[in-house]
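Some notes on the structure that comes next.
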Ligand code: FES
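In our numbering, the protein residues as written are 20 to 141.
In structure tokens form, the structure reads like this:
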């Protein structure tokens with residue numbers, strides 16, 4: 020799923036949660052963040068914020084420690100070099116074969132909001 024970045028306007032509806040301040044993200048670098056038990060990797064590229072799950076699907080290493088490739092919207096796992104699309108989460112190169120989870124974001128004022136999947140009642 021593509022990650023939207025919409026600026027201005029009022030704070031989004033309740034299902035959006037505050038992720039971080041825009042200034043907490045450095046352009047062209049991935050930042051590891053957590054919401055509850057979710058480990059996330061957030062990347063600011065130009066004026067857009069991309070959020071994917073932080074754990075590489077090959078062997079659970081943090082993707083936020085790896086290089087970001089803003090020119091082709093990919094993040095690379097530092098451990099074995101798998102590359103993932105920041106927009107769709109797709110695993111683009113081996114050894115990873117499973118996609119990352121992606122999370123839509125919106126920027127409102129100085130804050131980045133994230134849309135998290137609804138929790139199922141048990
Ligand atoms: S742990 Fe990421 S490619 Fe192996």
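The beta-carbon is built from N, C-alpha and C at its ideal position, and this holds for glycine as well. Quick caveat: nothing in here was measured; it's all calculated off a predicted structure.
Of the choices 85, 89 and 103, whose alpha-carbon is the least far from that of residue 97?
85
Given a threshold of 16 other Cβ atoms within 10 Å of its Cβ, counted over all protein chains shown, does residue 53 qualify as buried or as exposed?
With a 10 Å radius around the Cβ and a threshold of 16 neighbouring Cβ atoms, residue 53 comes out exposed.
Go ahead and label residue 116 buried or exposed: buried means 16 or more other beta carbons lie within 10 angstroms of its beta carbon, across all protein chains shown.
Under the 10 Å beta carbon count, residue 116 is surrounded by fewer than 16 other beta carbons and is classified as exposed.
What does residue 69 pair with, by DSSP beta-bridge criteria?
62
Quick one: any contact between the region 115-131 and the region 67-80, if contact means 3 or more CB pairs under 8 Å?
Three or more Cβ pairs closer than 8 Å define a contact, and the region 115-131 meets that threshold against the region 67-80.
Going by the CB atoms, is the gap between residue 92 and residue 106 shorter than 8 Å?
yes
Cβ of residue 114 versus every heavy atom of ligand 1: is any distance shorter than 7 Å?
yes
By alpha-carbon positions, which one of 44, 49, 57 and 89 ends up nearest to residue 136?
57
Going by C-alpha to C-alpha distance, which of 100, 37, 87 and 114 sits closest to residue 46?
87
Report yes if the CB atom of residue 103 is closer than 8 Å to the CB atom of residue 111, and no otherwise.
yes
Considering only residues of the region 73-100, which uninterrupted beta strand (DSSP E) runs meet the minimum length of 3 residues and lie entirely inside it, listed in chain order?
93-95
Do you know offhand how far residue 80's Cα is from residue 74's?
5 Å
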